[in-house]
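To start, the structure itself, in structure tokens.
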Amino acid sequence: MNTKYLFLTLAMCFGVAQANHSFFEIPTPGLQQAPKNIEQLTALVHDAAHNSRTISIVGAGKSMGGQTIAIDDNAYQVSLKHLNKMLLLDLEHKEVTVQTGMTWGELQKQIAPHGLAIKAMQSYNSFSIGGSLGVNVHGQDFNAGMIIETVQSFRLLLANGTVVNVSRNENAELFGFAIGGYGLAGIIVDVTLALTDDVSITRVNATVPSSELANYFRNNIQDNPKVQFYSARYSMGRHNLLNEAFVIAYEKTDRALVVQPALDTKFGNMLLRNLVWLTQFSLMRRMRSSIEKLFLALPTVYSRNNLMGSSVEALPRDTKHSRYILQEYFIPYDQLNSFIDDFRTIAQEYNVDLLNVSARHVRGNDESLLSWSPQDTCALVLYICQPCNEDAYDGAVIWTRELIDVALKHDGSFYLPYQCLATPQQVAAAYKNVSKFLELKKKYDPRGVFKNKMYDHYLGS
Ligand SMILES: Cc1cc2nc3c(=O)[nH]c(=O)nc-3n(C[C@H](O)[C@H](O)[C@H](O)COP(=O)(O)OP(=O)(O)OC[C@H]3O[C@@H](n4cnc5c(N)ncnc54)[C@H](O)[C@@H]3O)c2cc1C
197 MNTKYLFLTL AMCFGVAQAN HSFFEIPTPG LQQAPKNIEQ LTALVHDAAH
247 NSRTISIVGA GKSMGGQTIA IDDNAYQVSL KHLNKMLLLD LEHKEVTVQT
297 GMTWGELQKQ IAPHGLAIKA MQSYNSFSIG GSLGVNVHGQ DFNAGMIIET
347 VQSFRLLLAN GTVVNVSRNE NAELFGFAIG GYGLAGIIVD VTLALTDDVS
397 ITRVNATVPS SELANYFRNN IQDNPKVQFY SARYSMGRHN LLNEAFVIAY
447 EKTDRALVVQ PALDTKFGNM LLRNLVWLTQ FSLMRRMRSS IEKLFLALPT
497 VYSRNNLMGS SVEALPRDTK HSRYILQEYF IPYDQLNSFI DDFRTIAQEY
547 NVDLLNVSAR HVRGNDESLL SWSPQDTCAL VLYICQPCNE DAYDGAVIWT
597 RELIDVALKH DGSFYLPYQC LATPQQVAAA YKNVSKFLEL KKKYDPRGVF
647 KNKMYDHYLG S
């Protein structure tokens with residue numbers, strides 16, 4: 197065995213991928229606050245408004261840029277972690293009202309025993325419900341769409357210290373301002389969400405040339421009433437980069453559960469973390485799709501809750517030397533192949549260390565003022581290993597801006613919860629309602645109480 201593979205084996209055994217430092221924990225200036233109840237939270241907002249402080253809001257704090265970061269040392273960075281109670285579970289109407297500091301994992305534990313499941317959330321359950329509303333997330337259930345489609349109503353704590361009810365019929369202009377509003381409209385204190393049934397599902401796989409992915413989706417997935425989840429992973433080898441797509445869909449089944457994996461086990465997470473970490477080595481990147489195809493061909497039956505029960509603990513953590521970052525682009529289907537060709541050229545030219553590129557479907561929705569996909573698009577999620585040094589960061593700024601220009605050229609867009617690498621002009625080009633968003637910001641928060649580094653970077657003038 198040569199030394200490289202010996203090292204890999206030892207690394208697996210000792211769990212190198214489990215280094216303690218996590219890139220999610222970005223250092224922040226400001227005064228950390230974690231109110232225990234709504235009265236304390238409201239008092240903080242009054243205090244900030246009267247003492248010229250700003251407030252940045254933190255859910256689980258896993259966004260990768262300045263979305264939760266306070267703008268200066270005088271600011272309050274307010275964590276909602278103690279506001280995490282379930283307030284009402286309406287079994288008849290399949291709705292739940294929760295405080296927004298709760299994580300999806302905490303909610304799943306409470307609704308799964310009633311045969312209920314979440315409609316729209318990310319691929320991992322470690323995020324807070326407030327943070328998910330703050331960026332208007334989407335997941336693999338393309339029928340559910342963005343989280344905003346599942347929101348019935350919420351209560352919003354405004355910059356003037358009042359709490360208002362918000363729905364599509366009440367204070368309606370705040371609905372699309374606060375959801376997807378990156379904590380700049382106010383604090384969503386609790387929310388009523390539509391739930392769905394926890395059904396059994398089984399996997400269906402296919403491998404197609406990437407140029408055929410859009411057709412495959414249209415012909416086999418989009419109108420197939422059995423399909424609940426859909427994603428595809430592109431080939432990552434140096435010689436077949438983005439040439440092939442491995443489709444992973446999940447269909448409803450009447451078959452009984454074969455395995456009921458624990459929602460989130462330490463051992464399972466450790467194993468997955470190490471496997472993902474190994475994909476940074478080219479041998480593993482080449483072998484990954486064959487291993488995946490073997491593993492994913494197993495005739496497993498899951499429950500919806502199982503499938504939505506993974507934690508970010510299953511991902512490798514940052515080390516002193518490298519961090520793992522995400523980016524996401526939304527591309528209309530008729531432009532997808534041409535975008536992929538341009539993307540491949542950029543990735544090769546800049547030697548971007550892509551560990552994974554996956555595709556999902558997004559149903560267009562423009563209810564959120566900062567909607568990242570007003571029209572139907574293919575969402576491309578990039579998982580990248582970025583060395584922790586200034587050169588690598590500066591390099592990422594250059595190729596990311598090029599890739600964003602390519603997305604814009606293809607009538608597409610990009611997602612904002614990640615590193616703030618774009619220019620404000622690119623944000624304005626992708627998000628057509630920025631000026632309307634800023635008008636409402638002036639109306640409801642004239643003194644600019646709710647601010648964060650992302651606001652300063654992209655929206656502050
Ligand atoms: C590993 C990983 C996987 C991901 N997968 C997906 C995915 O599948 N789909 C997807 O859409 N996104 C995905 N994302 C992005 C992720 O959904 C967002 O970063 C999300 O905001 C993280 O949730 P959080 O609780 O950590 O939010 P935070 O980072 O804490 O907050 C996000 C934003 O919401 C605001 N906010 C938080 N709570 C409230 C509140 N109560 N009221 C008002 N504003 C609030 C914050 O101020 C901030 O601007 C992923 C991110 C990572 C790191």
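In terms of my numbering, the sequence shown is residues 197 to 657. Where is the CB? At the ideal position from N, CA and C, for every residue including glycine. These figures come from a predicted structure and were not determined experimentally.
| Check | Outcome |
| --- | --- |
| Span of the beta strand (DSSP E) holding Ser631? | It is not in any beta strand (DSSP E) - Ser631 instead sits in the alpha helix (DSSP H) that spans 630-640. |
| Can you give the Cα-Cα distance for Glu221 and Asp450, rounded to whole angstroms? | Reliability of the predicted coordinates at Glu221 is poor, the pLDDT of 46 falling under 50, and no value is obtained from them. |
| Would the segment 272-279 count as touching the segment 343-357 if we require 3 or more Cβ pairs under 8 Å? | no |
| Where do the N-terminal and C-terminal ends of the alpha helix (DSSP H) with Arg364 fall, by residue? | Careful: Arg364 lies outside any alpha helix (DSSP H) and carries neither H nor E. |
| Cβ of Ala256 versus every heavy atom of ligand 1: is any distance shorter than 7 Å? | yes |
| Does DSSP classify Val553 as helix, strand or coil? | strand |
| Give a yes or no on whether the C-beta atoms belonging to Gly335 and Thr296 are separated by under 8 Å. | no |
| Would you decide whether Glu288 is buried or exposed? Buried here means 16 or more other CB atoms lie within 10 Å of its CB. | exposed |
| For the beta strand (DSSP E) that contains Leu312, what are its first and last residues? | 312-314 |
| Check whether the segment 559-575 touches the segment 365-379, taking contact to mean three or more Cβ pairs, one atom from each stretch, closer than 8 Å. | yes |
| Is it the case that the Cβ atoms of Gly317 and Val292 are separated by a distance below 8 Å? | Residue identity differs from the one stated: residue 317 is Met in this sequence, not Gly. No. |
| Counting pairs of Cβ atoms below 8 Å between the segment 229-247 and the segment 298-311, do you hit three or more? | no |
| Restricting to runs no shorter than 4 residues, where is the alpha helix (DSSP H) found entirely within the segment 487-526? | 500-503 |
| Using CA atoms only, rank isn't needed, just tell me which of Arg429, Gln263, Gln228 is closest to Pro613. | Gln263 |
| Buried or exposed: where does Thr541 fall if 16 or more other Cβ atoms within 10 Å of its Cβ makes it buried? | exposed |
| Tell me where the alpha helix (DSSP H) around Glu598 begins and ends. | 586-605 |
| Less than 6 Å between C-beta atoms, sequence neighbours within five positions excluded: which residues of the same chain meet that for Ser506? | Tyr320 |
| Return yes when at least one heavy atom of ligand 1 lies under 7 Å from the C-beta of Met260, else no. | yes |
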